[in-house]
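Counting with our numbering, you get residues 50 to 274 for the letters of the sequence shown. Let me begin by presenting the structure, written as structure tokens, before commenting on it.
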Amino acid sequence: ARIMQNTLVESLQRQGDRITGVTLTDGTVLEAGTVVLAAGPWTRRLLATVGLDLPLHVERHPMAVLDAAGKARQVMPFAWCDDISCNYARPDNDGVILAGTWAGGGTGLRHEHAGRPRLVENPDDYMEGVEEQESVEILETFAGRVPAMAELGIRPGYAGLYDMSPDDLPVIGAMPDVEGLVVSAGSSGHGFKTGPAVGEAVARLVTEGAQPILAPFSPDRFRAA
């Protein structure tokens, strides 16, 4: 195996009904019997280079950094996930609490709430910082559940991207209508914790064939719907 760092893929390569490799931004073509497309927010862009698509979208999610004056673990000594307000928080180093939100994506129940995610058209061009008002609204929402948080200060926050599927479930498996292409995308904000298991399952899919555990996440489910 060879790991190529700081290397960007410009497009997929296609011959008829088979994906045969990728083209790098410097023009280099890498051929492969199977291409695994795990490009997160850039998945649809690369699929489009060979006339394919999946119903994925990209959301910007703000993260408020709340200053607890060195007492983060006294104010919130545990990770908090609130299914009512759709907010989450946890203590971090340097006496701060990280707080964010997940509602607003997918096709299920949505909530009008503080710090709503914003759809992103171009994952290479989005606001990576957080507006103060976004942090204020997230803080106010949390203070309604944890009153002690009302006294926290606000530090500069940051934002990241989620690649979302219509049902908020990952999209993992062989792409329909072509051979030689396996997709792993649409983690909908959960990839940071499922990545190792997904990576192992995808590797087995490529080397051993169909993996029943991945059946519910097949890209083909959207075509069937």
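Heads up, the beta-carbon is just placed ideally off N, CA and C, and yes, glycines get one too. Bear in mind that the values here come from a model prediction, so they are computed numbers and not experimental data.
Exercise. Would DSSP call residue 244 helix, strand or coil?
Worked result: helix
Problem set entry | residue 82, DSSP secondary structure in three states | coil
Problem set entry | Closer than 7 Å: residue 179 CB and nearest the ligand NAD heavy atom | Of ligands this structure carries none, so the ligand NAD is not represented either.
Exercise. Just how far apart, CA to CA, sit residue 254 and residue 174?
Worked result: 34 Å
Exercise. Touching or not, the segment 185-205 and the segment 214-228, by the rule of three or more beta carbon pairs under 8 Å?
Worked result: no
Problem set entry | Cβ neighbour criterion (16 or more within 10 Å) applied to residue 204 | exposed
For this session: Would you check if the distance between the CB atom of residue 71 and the CB atom of residue 230 is smaller than 8 Å?
Result: no
Exercise. Just curious, the alpha helix (DSSP H) that residue 236 is in, first and last residue?
Worked result: Per DSSP, residue 236 belongs to no alpha helix (DSSP H) and is neither H nor E.
For this session: Kindly list the residues whose CB is nearer than 6 Å to the CB of residue 163, restricted to its own chain and excluding five residues on each side of it in sequence; keep chain order.
Result: Confidence at residue 163 is low in this model, with a pLDDT of 47, below 50, so the placement of that residue is unreliable and no value is reported for it.
Problem set entry | With 16 other Cβ atoms within 10 Å as the buried cut-off, status of residue 66 | exposed
Exercise. Using the beta-carbon count (16 or more within 10 Å), is residue 136 buried or exposed?
Worked result: buried
Exercise. For residue 92 versus residue 234, is the C-beta spacing smaller than 8 Å?
Worked result: yes
Problem set entry | residue 81 versus 97, 95, 63, residue with shortest Cα-Cα distance | 63
For this session: Could you pull out every residue in the same chain whose Cβ sits closer than 8 Å to the Cβ of residue 144, ignoring the five residues on either side in sequence?
Result: 116, 117, 118, 119, 120, 121
For this session: With residue 182 as the anchor, note down where its beta strand (DSSP E) starts and where it stops.
Result: From DSSP, residue 182 is part of no beta strand (DSSP E) but of the alpha helix (DSSP H) over 181-192.
Problem set entry | Nearest-angstrom Cα separation, counted from residue 57 out to residue 76 | 10 Å
Exercise. In angstroms, rounded to a whole number, what distance separates the CA positions of residue 210 and residue 146?
Worked result: 20 Å
Exercise. Going straight from the alpha carbon of residue 242 to that of residue 248, what length do you get?
Worked result: 11 Å
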